[in-house]
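Counting in the UniProt record's numbering, the sequence shown runs from 1 upward without gaps.
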Amino acid sequence: MDNFDDIESAKSHHHLMKRPPVDIEFSDLTYSVPHGPNGSKIILRSVSGLFRSGELTAILGPSGAGKSTLINVLAGYRCGDARGSIMVNSKPRDMKSFRKMCRYIMQEDLLQPSLTVMESMKISTDLKLGHTIT
1 MDNFDDIESA KSHHHLMKRP PVDIEFSDLT YSVPHGPNGS KIILRSVSGL
51 FRSGELTAIL GPSGAGKSTL INVLAGYRCG DARGSIMVNS KPRDMKSFRK
101 MCRYIMQEDL LQPSLTVMES MKISTDLKLG HTIT
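Now the structure itself:
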């Protein structure tokens, strides 16, 4: 496995295909889960936002506020009782094509102490895309 001393050398060693920028816009997003024998609990209520390609966006809030749920709904990992609009590059999200362009490293993924951050990310990418993509 390659070992990169700095970000610039890592950039020059990229092996992933170039992809077009992706903007994700969501509006009036509501998500609920079954709760009790006949009820439901609303986890997200009328949430709206925009993630622009090339920009860093932080999602802040206390534990249990729905930060991970929001990302899971946007990524398509939780779709059950989700309502609202999710647009990708100003078009309704198509899950088949979205899954091909979306990469999401869940918060439960841990960095291994024997690997650098770059090595950990490369392994995650290789598992998702295969290591033969250049």
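Built from N, CA and C at the ideal position, the CB exists for glycine as well.
Taking 7 Å as the cut-off, decide whether the C-beta atoms of residue i and residue j are in contact.
i: residue 44; j: residue 60; result: no
i: residue 41; j: residue 33; result: yes
i: residue 87; j: residue 25; result: yes
i: residue 23; j: residue 84; result: no
Nearest by alpha-carbon distance to residue i: which of the options is it?
i: residue 53; options: 125, 21 and 102; result: 21
i: residue 90; options: 29, 99 and 51; result: 51
i: residue 75; options: 121, 118 and 99; result: 99
Are there 16 or more other CB atoms within 10 angstroms of the CB of residue i, so buried, or fewer, so exposed?
i: residue 31; result: buried
i: residue 82; result: buried
Just the Cα atoms here: how many angstroms apart are residue i and residue j?
i: residue 35; j: residue 72; result: 19 Å
i: residue 134; j: residue 116; result: With a pLDDT of 47 at residue 134, under the threshold of 50, the predicted position of this residue should be treated as unreliable, though the coordinate-derived value follows. Computed Cα separation, rounded: 21 Å.
i: residue 64; j: residue 77; result: 18 Å
i: residue 123; j: residue 79; result: 27 Å
i: residue 55; j: residue 49; result: 13 Å
i: residue 127; j: residue 92; result: 28 Å
i: residue 19; j: residue 101; result: 8 Å
i: residue 114; j: residue 62; result: 31 Å
i: residue 121; j: residue 39; result: 40 Å
i: residue 68; j: residue 57; result: 14 Å
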